[in-house]
Amino acid sequence: MKRTAVFPGSFDPFTIGHESIVRRAIGLFDNIIIAIGINNKKPSFIDLDTRIKIIKKVFEGENRIEIKVYSGLTIDFCKSENCKYILRGLRTSADFEFERAIGQTNKLLNSEIETVFLLSLPQHTFISSSILREVILNNGKLDGLLPSNISAADFI
Ligand code: ADP
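Take 1332 as the starting number for the sequence shown in the numbering used here and just add one per residue.
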């Protein structure tokens, strides 16, 4: 059976930190599904189509990386995709505490699914979608925050 990992997140927007986690994890799995979780109660900053377009552009030509959209529980989405691994990134101890609660809850809900964590690269530890949103909103310089082939023009 194929080793598939789901990398779930809001990716609002997708940062160089997210890109790095996926590029490093692809060596560990046969394929990765980048799964954009939709929360209808929470309005997004970047619309869904643009988020998909940007992630597709980042991984253009990489046939082991797919982009999908889901709502509801991540473990239910994993089950529907026949996937046994959830991939998450860890930047700080705050991430760890947050991720521990989610990971342990997921384990309780479905003991067959393992969450796999990769530590962020040191140079990406301060990067988050919320920081990127602030910089975009205020027309700041985006160098070092965006994935390699993405620029401000991609957000239009
Ligand atoms: P969520 O809304 O589920 O937290 P995010 O889109 O913010 O989704 O993040 C998705 C995953 O990527 C999370 O595991 C998060 O910890 C990780 N992540 C976010 N930013 C970085 C970064 N700069 N370096 C490494 N991992 C990151």
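Backbone N, C-alpha and C define an ideal beta-carbon position, used for all residues, glycine too.
Using 8 angstroms for Cβ pairs, my map puts residue i next to residue j. What's the rounded Cβ distance?
i	j	result
Ile1481	Val1389	6 angstroms
Gly1434	Gly1348	19 angstroms between Cβ atoms; not a contact.
Ile1396	Phe1486	Not quite, the Cβ-Cβ distance comes to about 21 angstroms (not below 8 angstroms), so this is no contact.
Phe1408	Glu1430	Going by Cβ atoms, the distance from Phe1408 to Glu1430 rounds to 17 angstroms, so no, they are not a contact pair.
Relative to the C-alpha of residue i, which residue among the options is closest?
i	options	result
Gly1368	Pro1478, Leu1440, Phe1448 and Gly1403	Gly1403
Ser1411	Glu1391, Lys1399 and Arg1419	Lys1399
Phe1342	Leu1452, Arg1382 and Phe1457	Arg1382
Met1332	Lys1372, Ile1365 and Tyr1416	Tyr1416
Gly1475	Asn1370, Ser1351 and Arg1334	Ser1351
Leu1473	Gly1340, Thr1346 and Pro1339	Thr1346
Leu1440	Ile1406, Pro1478, Ile1458 and Ser1461	Ile1406
Glu1451	Asn1371, Arg1354, Asp1361 and Arg1334	Position check: residue 1451 holds Ser in this sequence, whereas Glu was assumed. Nearest C-alpha to Ser1451: Arg1354.
Phe1360	Cys1414, Asp1380 and Ala1366	Cys1414
Ile1488	Asn1394, Lys1373, Pro1374 and Arg1464	Lying before the first or after the last residue shown, residue 1488 is absent from the chain, which here runs from 1332 to 1487.
Thr1335	Pro1453, Leu1468, Thr1446 and Gly1471	Thr1446
Ile1462	Pro1344, Gly1340 and Pro1339	Pro1344
Leu1418	Ala1483, Ala1484 and Ala1356	Ala1356
Tell me, please, which residues DSSP counts as bridged to residue i.
i	result
Thr1335	Asn1362
Gly1340	Ile1367
> Which ranges does the beta strand (DSSP E) cover as unbroken runs of at least 3 residues, wholly within the region 1423 to 1479, from first to last along the chain?
Replying inline: Listed in chain order, they are 1445 to 1450.
> Mind pulling the beta strand (DSSP E) runs of 3 or more residues that sit fully within the region 1353 to 1431?
Replying inline: Within the region 1353 to 1431, the runs of beta strand (DSSP E) at least 3 residues long that lie entirely inside it are, in chain order, 1362 to 1368, 1396 to 1401 and 1416 to 1421.
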